[in-house]
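K.L.:
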Amino acid sequence: MNKTSKAHLKTSVFAFLKLIRSLNLFIIAFTQYMCRYFIIGRGNDTLMTIAGDWRFFLLVLCTVMVAAAGYIINDYYDIKIDLINKPKRVVIGKLMNRRIAMFSHFILNTLASFLSFFLGLKVFLVIVVTTILMWLYANQLKRTPLLGNLLISFLTGMSVYMPAFLYAQSHRLLLIYAIFAFFISLLREIIKDMEDVKGDEEFGCRTLPIIWGIRRTKVVLYGISAVFLILMLFTLFASGQPLMIYFIITIAPLFVWFLLSLAKADTTHQFLRLSSLCKWMMLAGVVSMVVL
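Just remember that the working numbering sits 1121 ahead of the position in the sequence shown, which is counted from 1.
#1: Let me know the secondary structure DSSP gives ILE1213 once reduced to three states.
#2: So, with DSSP's three-state summary, where would you put ARG1264?
#3: Could you please give the first and the last residue of the uninterrupted alpha helix (DSSP H) stretch that includes GLN1391?
#4: Whole alpha helix (DSSP H) runs in the stretch 1135-1169 with 4 or more residues, listed along the chain?
#5: On the criterion of 16 or more Cβ atoms from any shown chain inside 10 Å, does THR1125 qualify as buried, or is it exposed?
#6: Could you work out which residue in ILE1311, LYS1127 and GLN1391 is closest to THR1265 when comparing CA atoms only?
#7: How would you call TYR1343, buried or exposed, if buried means at least 16 neighbouring beta carbons within 10 angstroms?
#8: So LEU1342 is in the alpha helix (DSSP H); what residue range does that whole segment cover?
#9: Based on Cα-Cα distance, which residue from LEU1229, GLY1269, GLN1261 and LYS1243 lies nearest to THR1252?
#10: Helix or strand or just coil, what does DSSP make of LEU1413?
#11: Going by DSSP in three states, ASN1218 sits in which element: helix, strand or coil?
#12: Leaving aside the five residues before and after ALA1302 along the sequence, list all residues of the same chain whose C-beta is less than 6 Å from its C-beta, in chain order.
#13: So, does the stretch 1244-1258 touch the stretch 1215-1224, judging by three or more C-beta pairs under 8 Å?
#14: Alpha helix (DSSP H) containing ASP1321: first to last residue?
#15: For MET1283, I'd like the list of residues in its chain whose CB is within less than 8 Å of its CB, leaving aside the five on either flank, ordered along the chain.
#16: Give every residue of the same chain whose Cβ lies closer than 6 Å to the Cβ of MET1155, excluding the five residues on either side of it in the sequence, and list them in chain order.
#17: What is the residue span of the alpha helix (DSSP H) that SER1382 lies within?
#18: Using three-state DSSP, classify CYS1326 as helix, strand or coil.
#19: Do ILE1213 and ALA1188 have their beta-carbon atoms positioned less than 8 Å apart in this structure?
#20: Counting along the chain, where does the alpha helix (DSSP H) carrying PHE1178 start and finish?
#21: Taking the Cβ atom as the reference point for each residue, do ARG1176 and LEU1240 lie within a distance shorter than 8 Å?
#22: So, helix, strand or coil for VAL1289, using DSSP?
#23: Which residues in the same chain as LEU1393 place their Cβ atom closer than 7 Å to its Cβ, once the five residues preceding and following it in sequence are excluded?
#24: When the Cα atoms are used, what is the spatial distance from LEU1272 to SER1306?
#25: If you measure between the beta carbons of VAL1412 and PRO1374, is that distance less than 8 Å?
#26: Is PHE1324 closer than 8 Å to ILE1202 when the C-beta atoms are compared?
#27: Going by the CB atoms, is the gap between MET1217 and PHE1137 shorter than 8 Å?
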C-alpha cells in the first residue's frame, strides 16, 4: 500500500468515526457496563465475569450499532442544514460518499437486528422498533416541535434501561437512571434546537425555538427543569444518604450553573456551552452508580 492509499484510508477511517460520533458511542457502552457492574451485579461480580457475559456484550454491541446508524441517517438528511449550522462537522458529501454512508447505515441496522434476535424477543423488538423510529426522526419528526426531542430523549433513556430486558433484578433502579437520562437529554435536545435556529429556519423546520422564540423556549426549559428537580428530590429521599450526598456535591452545582447560564444565554456559542454542560451532568449521573 503506497502513501497515497494509506492517507486515503486514514482519512476515511477518521471520517467514519466522526460521522458515527465515536465518543458518544463509547459513553453509551460505558454507561451500560456501569449499569451491569454497579446496578445488576451490585459491585459483586468480578470484571472477568462481566467480560465473559457474552449476552450482555451483544446487548451493548446492538445498542451501539443502532446508535451509530442513527447518527448516520440523521446527518444524511441534515446535510444542507448542517452546512449552515455546523459546516466543519459535515462528513457526508465531503469526506464520505452518500451511498457509502447509506450502505453503512443499512449494514449497522441489519447486524444489530440479527444479533439482537439471539437475546430474546423483547430485545429484538426494541432494536427493530428503534431503527424505524430513528429513521422517522431523521426524515420527519426532527423538524416538528417537541415531538422529535421527546423521541430522542426516550431512546436515550431506553439505552440505559436496556439491561432490564436481560436480567430480572434491579428494574426499578434502572428505571430511575433511565428517567434521569431522559430529562437531561430532553433539555439538551431543546438547547441544540436553539443553537441550530439559523439553518433550521432556512429549511422550513418547525422546532420549538422557531415557532415560539428563544424566550418562550427558555420558559419551557425551566418548566422541564422544575419537573426533573421534583422527581430527583423525591427519588433521592427514597434512595438513602450516599446518593443524596453525591447529588448535592456534584450534580446539584452543575444543575444550578445550568439554570443560571440558561437565563443569560443568547448566542450560538453560549447554547453550545449549555449543551456541553448537559453532557457533564449526564456523566456525573452515570458515575453516581459507584455510591449505590
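Even for Gly, the Cβ is constructed at its ideal location relative to N, Cα and C. This structure is a prediction, so every number in the text was calculated from the model and none was measured.
P.N.:
Short version:
#1: strand
#2: helix
#3: 1389-1408
#4: 1143-1155
#5: exposed
#6: ILE1311
#7: exposed
#8: 1329-1360
#9: LEU1229
#10: coil
#11: coil
#12: THR1277, GLY1278 and VAL1281
#13: no
#14: 1318-1323
#15: GLN1153, LEU1180, THR1184, VAL1244 and VAL1247
#16: VAL1407 and MET1410
#17: 1373-1385
#18: coil
#19: no
#20: 1175-1198
#21: yes
#22: In the sequence as presented, Val is not what sits at residue 1289; that position holds Ala. Three-state result, ALA1289: coil.
#23: GLU1316
#24: 10 Å
#25: no
#26: yes
#27: yes
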